[in-house]
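First comes the structure, then the notes that go with it.
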Amino acid sequence: MSHPAVETRRRGAWAYHAVRQPLFGPVVALTIALVVFSAISPRFLTANNLSLVFQQSIVIGILAVGQTLVILTAGIDLSIGAVTVLGTLVMAKVVADGNVVVAFATALVVCLAAGSLNGALVTRLSLPPFIVTLGTFTIIAAASQLYAGSRTYPVQPSALTWLGTQLRFGSATVTYGVFLMLACYVVVWYMLSRTAWGKHVYAVGGNPEAARLTGIKVRRVLFSVYAGTGFIAVLAAWAALGRIPNADPNAFQNANLESITAVVIGGTSMFGGRGGVMGTLVGTLIVGVLRNGLTLAGVDNLYQNIATGVLVILAVTVDQFIRRRSQ
Amino acid sequence: MNPAEPGGDLGVPAAVPVLQARGIVKRYGHVTAIDGADFDLLRGEILAVIGDNGAGKSTLIKVLTGAVIPDAGQVYVEGAPVTFRNPLDARAYGIEPVYQDLAVAPALDIWSNLFLGREVRRRGFAGRFLRMLDAPRMRRESEQHMDELKIGLNSVSQTVETLSGGQRQGVAVARAVAFGRKVVIMDEPTAALGVKETGMVLDLIRKVRDRGLQVVIISHDMPSVFEIADRVHVHRLGRRSCVVDPKVRSMSEVVALMTGALEPTELERNGAS
Chain S
2 MSHPAVETRR
12 RGAWAYHAVR
22 QPLFGPVVAL
32 TIALVVFSAI
42 SPRFLTANNL
52 SLVFQQSIVI
62 GILAVGQTLV
72 ILTAGIDLSI
82 GAVTVLGTLV
92 MAKVVADGNV
102 VVAFATALVV
112 CLAAGSLNGA
122 LVTRLSLPPF
132 IVTLGTFTII
142 AAASQLYAGS
152 RTYPVQPSAL
162 TWLGTQLRFG
172 SATVTYGVFL
182 MLACYVVVWY
192 MLSRTAWGKH
202 VYAVGGNPEA
212 ARLTGIKVRR
222 VLFSVYAGTG
232 FIAVLAAWAA
242 LGRIPNADPN
252 AFQNANLESI
262 TAVVIGGTSM
272 FGGRGGVMGT
282 LVGTLIVGVL
292 RNGLTLAGVD
302 NLYQNIATGV
312 LVILAVTVDQ
322 FIRRRSQ
Chain U
3 MNPAEPGGDL
13 GVPAAVPVLQ
23 ARGIVKRYGH
33 VTAIDGADFD
43 LLRGEILAVI
53 GDNGAGKSTL
63 IKVLTGAVIP
73 DAGQVYVEGA
83 PVTFRNPLDA
93 RAYGIEPVYQ
103 DLAVAPALDI
113 WSNLFLGREV
123 RRRGFAGRFL
133 RMLDAPRMRR
143 ESEQHMDELK
153 IGLNSVSQTV
163 ETLSGGQRQG
173 VAVARAVAFG
183 RKVVIMDEPT
193 AALGVKETGM
203 VLDLIRKVRD
213 RGLQVVIISH
223 DMPSVFEIAD
233 RVHVHRLGRR
243 SCVVDPKVRS
253 MSEVVALMTG
263 ALEPTELERN
273 GAS
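Which chain is which? The protein sequence lines are S and U, in order.
So the first sequence is numbered by the numbering used here: it starts at 2 and just counts up by one.
So the second sequence is numbered by the numbering used here: it starts at 3 and just counts up by one.
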């Protein structure tokens, strides 16, 4: 708008506005991590190693897209990792009878059903998402163990492992799974920022009563978010078989929490209505870089967990601070 | 019906009220919230609805906006009987409530809030198949609305949470004005605002009227009511006790009417101030 006085004031305060950008914190954190680890290990800042960071981040990265949607509505999905594991098991067991398409379709139906169950319980019974997904997490994890008979199922190279196909760019190795992950981010970024549905997700998370009064069908939006997360879980399951062609009921035990970590570090508010998937992508990379860099520096796995935990608490603290300031 | 002159300065009798209600009754169990209430909103006026807590004024407003279905009585729009089963029905008749600070989503920018629930998609492929919103158009139209109402904002791309209380109220009003074609109903528009901000909101309400819309404000803020209302609807014991002209009655007289300490004149009781 044409307010000259305002324009000058804003130009003078560009730094203030840059700091207030939602991506500012996460990008600074990622930059610091990159600089620090480059200084520590000469092997860190190589195309080969950085492409490895991406590959290691695929499954959590895809799940974090769904987790972002849920958290934007002020919810949480603790079952997302268990649903993914069930997805890999269904694919591996069904494909043993021969048909890749049937295997993928069955896993798709199972994961969508799990997501829809969460959505139905949250919207129809108005139960808190934390409790609903804690319950479905326990149920699905146990059901997976029963279904698998506590053993693992290797998958023969097929379309189900296709996402593991490697492409070489110089010394960098990129799998199709990386492209699937990036595609998930681009598609959901588009849906959140360029469609009415996205606006409604933010409105439902930010102020459900206001959303209802403006005529938004709050329950329908919430349901779509949980069901959509089920769809994203089947993509994560597919990507998981691409990385390790072996369905294991004990895999991805920490996937729920790690996806939440990526979302929170990426600057999406646990209180809903604030944030976005691009922050989550940066958050995923921060966690990936931290783990990779600490491994190169010879730091024990457990210390890596401690570092990630500290980062989560720090991110939530910053979120709280921003929220108080804006009220 | 008594012909009345809104504000006394239009000169022509506004025969058919824009929004009217007769004999509205609403009971909640044994509690009668409104008991045969009438309501008349005339063309081109700002009508203030005042009343003690529990007098039933908010229930009346909910009936008029479709949020509550009455047990008895009839609502008329432009003289024609209507039935509102929900707020969307009332909205279809051009009746647009402003839900204070409530109706804005804090982390979304101003134009997204203005168009929330009524987003405009692009034409052609991008809109139909990719469901892409026409952001430039919505931003442009938002700027027009904001400019017309003289709501001083840096940019419609600011998020609502960066605004002051009065500015947020402004966005909520702009929302109602942008889409309400007849009646804007505001519940306590000046509550929790400072002096300067209150002045800004009152200016805004006048501008809304000057754009040809009818405004209903429910308020406890007597000075504000007396500053802008053309007529004052006094609600007492579940019904309209009278309608007074704020130029004829003093503030203390109106308070006395509200509490029952003073009896209205016959003309006022009939709803013609």
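Quick reminder that beta carbons are idealized off the backbone N, C-alpha and C, glycines included.
Secondary structure of leucine 126 of chain S (DSSP, three-state): coil. DSSP places glutamine 169 of chain U within a helical segment (H, G or I) once states are collapsed to three. Of all alpha-carbon atoms in S/Leu53, S/Leu24 and S/Gly276, the one lying nearest the alpha-carbon of glycine 289 of chain S is that of S/Leu53.
For the segment 133–150 of chain U, the residues whose beta carbon sits under 7 angstroms from a beta carbon of chain S are, in order, Arg133, Met134, Leu135 and Glu145.
Cα atoms of alanine 173 of chain S and glutamine 167 of chain S: separation of roughly 10 angstroms, rounded to the nearest angstrom. In its chain, beyond the 5 residues on either side, Gly88, Ala108, Leu109 and Cys112 have a beta carbon closer than 6 angstroms to the beta carbon of valine 235 of chain S. By the Cβ-count criterion, methionine 253 of chain U is exposed, with fewer than 16 other Cβ atoms from all chains shown falling within 10 Å of its own Cβ. The C-alpha of leucine 161 of chain S is placed about 12 angstroms away from the C-alpha of tyrosine 177 of chain S.
Residue environment for glutamate 259 of chain S: buried (at least 16 other C-beta atoms within 10 angstroms of its C-beta). Annotated three-state conformation of tyrosine 191 of chain S is helix, per DSSP.
If you draw a straight line from the Cα of threonine 74 of chain S to the Cα of lysine 64 of chain U, it is about 28 angstroms long. For leucine 90 of chain U, the chain S residues whose C-beta falls within less than 9 angstroms of its own C-beta are Gly216, listed in chain order. Ranked by how close their Cα comes to the Cα of valine 245 of chain U, the residues U/Ala50, U/Leu259, U/Glu270 and U/Gly96 have U/Glu270 in first place. Its chain contains Ser80, Ala83, Val84, Leu87 and Ala115 as the residues whose beta carbon lies nearer than 7 angstroms to that of isoleucine 141 of chain S, once the 5 sequence neighbours on both sides are disregarded; these appear in chain order.
Glutamine 169 of chain U is classed as buried because its beta carbon has at least 16 other beta carbons within 10 Å across all chains shown.
Between arginine 123 of chain U and chain S, the shortest Cβ-Cβ separation is below 9 angstroms. Within 10 angstroms of the beta-carbon of lysine 59 of chain U lie 16 or more other beta-carbons, which makes it buried. Interface annotation, alanine 94 of chain U: not in contact with chain S, CB-CB separation never under 9 angstroms. Note on geometry: alpha-carbon atoms of valine 186 of chain U and isoleucine 48 of chain U lie some 10 angstroms from one another.
Residue state for tyrosine 95 of chain U is assigned as coil, using DSSP reduced to three classes. Classified as exposed, tyrosine 30 of chain U has fewer than 16 neighbouring CB atoms from the shown chains inside 10 Å of its CB.
One finds nothing in chain S with a Cβ atom closer than 7 angstroms to the Cβ of serine 166 of chain U; even the nearest lies about 12 angstroms away. Taking the Cα of methionine 140 of chain U as reference, the smallest distance to any Cα among U/Arg45, U/His235 and U/Arg124 is reached at U/Arg124. Sequence-distant partners of proline 89 of chain U (beyond 5 residues in either direction) whose C-beta falls short of 8 angstroms from its own C-beta, in its chain, are Thr67, Gly68, Ala69 and Pro99.
Cβ atoms of alanine 228 of chain S and glycine 76 of chain S stay farther apart than 8 angstroms, at about 13 angstroms. Taking all protein chains in view, the Cβ of phenylalanine 180 of chain S is surrounded by fewer than 16 other Cβ atoms within 10 Å, so the residue is classified as exposed. Contacts with chain S at 9 angstroms (Cβ-Cβ) do not include glycine 172 of chain U. Chain-ordered, the chain U residues with CB closer than 9 angstroms to the CB of threonine 196 of chain S read Glu121, Arg123, Leu132, Arg133, Met134 and Leu135. Boundaries of the beta strand (DSSP E) harbouring alanine 173 of chain S: 173–176, taken from the DSSP string. Here isoleucine 48 of chain U is bridged, per DSSP, to U/Val217.
The count of Cβ pairs closer than 8 angstroms, one atom from the segment 210–223 of chain S and one from the segment 106–125 of chain U, reaches three, so the stretches are in contact. Contact residues of the segment 53–68 of chain S toward chain U are absent (C-beta to C-beta distance below 9 angstroms).
Within chain S, the C-beta atoms nearer than 8 angstroms to that of valine 106 of chain U come from Asn208 and Ala211, in chain order. Taking 9 angstroms as the CB threshold, leucine 66 of chain U stays off the interface with chain S.
Here aspartate 189 of chain U is buried. Its C-beta has 16 or more other C-beta atoms within 10 Å. For alanine 97 of chain S, no chain U residue has a C-beta closer than 7 angstroms to its own C-beta; the minimum C-beta separation is roughly 38 angstroms.
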